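Notes follow once the structure below has been shown.
There are 2 protein chains.
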Amino acid sequence: MRISTKGRYALRLMLDLAIHNTGEYISLKDISARQGITVKYLEQIVTGLTRAGFLRSQRGNSGGYRLSRKPEDYTVGEILRAMEGSLEPIACLDDEVNLCPRSSECLTLPFWKGLSDVIRKYVDGTTLQDLVDTSEEAGADSYSI
Amino acid sequence: MRISTKGRYALRLMLDLAIHNTGEYISLKDISARQGITVKYLEQIVTGLTRAGFLRSQRGNSGGYRLSRKPEDYTVGEILRAMEGSLEPIACLDDEVNLCPRSSECLTLPFWKGLSDVIRKYVDGTTLQDLVDTSEEAGADSYSI
DNA sequence: CCAAACTCCTACTATACTGATAGGTAATGA
DNA sequence: TCATTACCTATCAGTATAGTAGGAGTTTGG
Chain E
527 MRISTKGRYA LRLMLDLAIH NTGEYISLKD ISARQGITVK YLEQIVTGLT RAGFLRSQRG
587 NSGGYRLSRK PEDYTVGEIL RAMEGSLEPI ACLDDEVNLC PRSSECLTLP FWKGLSDVIR
647 KYVDGTTLQD LVDTSEEAGA DSYSI
Chain F
527 MRISTKGRYA LRLMLDLAIH NTGEYISLKD ISARQGITVK YLEQIVTGLT RAGFLRSQRG
587 NSGGYRLSRK PEDYTVGEIL RAMEGSLEPI ACLDDEVNLC PRSSECLTLP FWKGLSDVIR
647 KYVDGTTLQD LVDTSEEAGA DSYSI
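The structure is reproduced here in structure tokens:
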């Protein structure tokens, strides 16, 4: 039941861009310095986010990335799904294809559906802006992000 | 974010024993036939559950397993944790040891704690008896467990 | 009493996933 | 033009997953 580093780092990257959301492009080098994640690994993560349409990129000197929407228009759920593929606790819940032949008589399936629901409600009920807000509440000075 | 087969099968095994909770010992062979899981794999799963004190076992002819408590006295959470080790979405939340050096300034940590909370509330708020009840509501005949 | 029916224990294996690192190409701005 | 940046593909060690396999010890029904 673990979120991979890609999912966790993607969230930190997006949050970093949300906090430094000036309209300018932010380089991975800068994000790397702040987040302590290598540029090379960030590249892999950012690829997924750009392909999902979450980021705009600019090549060349003084290039980088910026958010393509406002922070309040991203849910944490969609960011995590872009990296993790699925947040469902069991494959049966992903789609019809993975539905197992026992599903109609499976006594544990309703439990898993319920778990899926509480997870989905939570992650899709939290926006990137919500995370920015909690950081400001806590006092921006104490954070080095 | 997937629950492993061990966790899923453990829940099915416990639920099978809860439904056939006559006081008699139930053999893995019987459970295997009902659940479609090999006896050899069930052995591995049942070992963890027995060590956790969830089951009583009886060796030899007409031996098997039975629940050591009443179905309403098991939470699904503790059953899953016995097999999965931890249900925390990130290692930082497991214990002090795994806490990363950035934790005090980590802007995403409160989010992960919140996710951990909704998961924990759900899985520890559901008992084995709850799963038995939903099966009875749905009509016992339609289920072959 | 003994053989069948069980649990119990340890080892092994193939496959996939994770968490990276590495090297090179293409675009851009000063 | 050249330093800086995004972009692309490949590789790799380590770990976890989802089992399979073979046997040893225990109990009881016949």
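So the protein sequences, as listed, match chains E and F.
Going from the first sequence to the working numbering is simple: count from 1 and add 526.
Going from the second sequence to the working numbering is simple: count from 1 and add 526.
Idealized CB from N, CA, C, for every residue including glycine.
Bear in mind that the values here come from a model prediction, so they are computed numbers and not experimental data.
key: Nearest residue (CA-CA) to L635/F, options K532/E, R538/E and R528/E   = For this step, residue 635/F is matched to residue 109 along the second sequence. Out of K532/E, R538/E and R528/E, R538/E has the C-alpha closest to the C-alpha of L635/F.
task = Measure the CB-CB distance between I552/E and R592/E and report whether it falls below 8 Å.
result = For the purposes of this step, residue 552/E is taken as the residue at position 26 of the first sequence. For the purposes of this step, residue 592/E is taken as the residue at position 66 of the first sequence. Contact flag set, yes.
query = Could one say the Cβ of R534/E lies closer than 8 Å to chain F's Cβ atoms, at least one of them?
reply = Start at 1 with the first residue of the first sequence, and residue 534/E comes out as number 8. Yes, R534/E counts as interfacial toward chain F.
request  = Measure the CB-CB distance between Y600/E and V644/F and report whether it falls below 8 Å.
outcome  = For the purposes of this step, residue 600/E is taken as the residue at position 74 of the first sequence. For the purposes of this step, residue 644/F is taken as the residue at position 118 of the second sequence. Cβ distance not < 8 Å, so Y600/E and V644/F don't count as in contact.
request  = Answer with buried or exposed for A544/F, where buried requires no fewer than 16 other C-beta atoms within 10 angstroms of its C-beta.
outcome  = Residue numbering aside, residue 544/F sits at position 18 when the second sequence is read from its first letter. The residue is buried, with at least 16 neighbouring Cβ atoms inside 10 Å.
query = Could you check where the alpha helix (DSSP H) with R577/E kicks off and where it finishes?
reply = Sequence index remark: in the first sequence, residue 577/E carries index 51 (1-based). Here the alpha helix (DSSP H) through R577/E covers V565 to R577.
message = Please tell me whether E598/F and Q655/F are closer than 8 Å, where the distance is taken between their beta carbons.
response = Position 72 of the second sequence, counting from 1, holds the residue named residue 598/F. Position 129 of the second sequence, counting from 1, holds the residue named residue 655/F. It is a contact, given that the beta carbons lie within the stated cut-off.
query = Do you know how far the Cα of G651/F is from the Cα of N624/F?
reply = One-based indexing of the second sequence puts residue 624/F at position 98. One-based indexing of the second sequence puts residue 651/F at position 125. If you take the alpha carbons of N624/F and G651/F, they lie about 26 Å apart.
7 Å Cβ shell around L619/E - same chain, five flanking residues per side excluded = Stepping through the first sequence from its first residue, residue 619/E is reached at position 93. The residues are W638, K639 and S642.
message = Please report the straight-line C-alpha distance between V602/E and R585/F, rounded to a whole angstrom.
response = Residue 602/E sits at position 76 when you count from the first residue of the first sequence. Residue 585/F sits at position 59 when you count from the first residue of the second sequence. Distance between the alpha carbons of V602/E and R585/F is about 50 Å.
task = Would you tell me roughly how many angstroms separate the C-alpha atoms of L541/F and V565/E, rounded to the nearest one?
result = Reading the second sequence from its first residue, position 15 is the one you call residue 541/F. Reading the first sequence from its first residue, position 39 is the one you call residue 565/E. Distance between the alpha carbons of L541/F and V565/E: 48 Å.
message = Determine whether the beta carbon atoms of M609/F and G579/F lie at a separation below 8 Å.
response = Walking along the second sequence from the start, residue 609/F turns up at place 83. Walking along the second sequence from the start, residue 579/F turns up at place 53. No, Cβ-Cβ distance for M609/F and G579/F is not below 8 Å.
request  = Measure the C-alpha to C-alpha separation of E631/E and I563/F and round it to an integer number of angstroms.
outcome  = Walking along the first sequence from the start, residue 631/E turns up at place 105. Walking along the second sequence from the start, residue 563/F turns up at place 37. One C-alpha to the other measures close to 15 Å.
query = Is it right to say T653/F is buried, meaning 16 or more other beta carbons lie within 10 angstroms of its own, or is it exposed?
reply = Position 127 of the second sequence, counted from the start, is the residue given in the question as residue 653/F. Looking at its Cβ environment, which holds 16 or more other Cβ atoms inside 10 Å, T653/F is buried.
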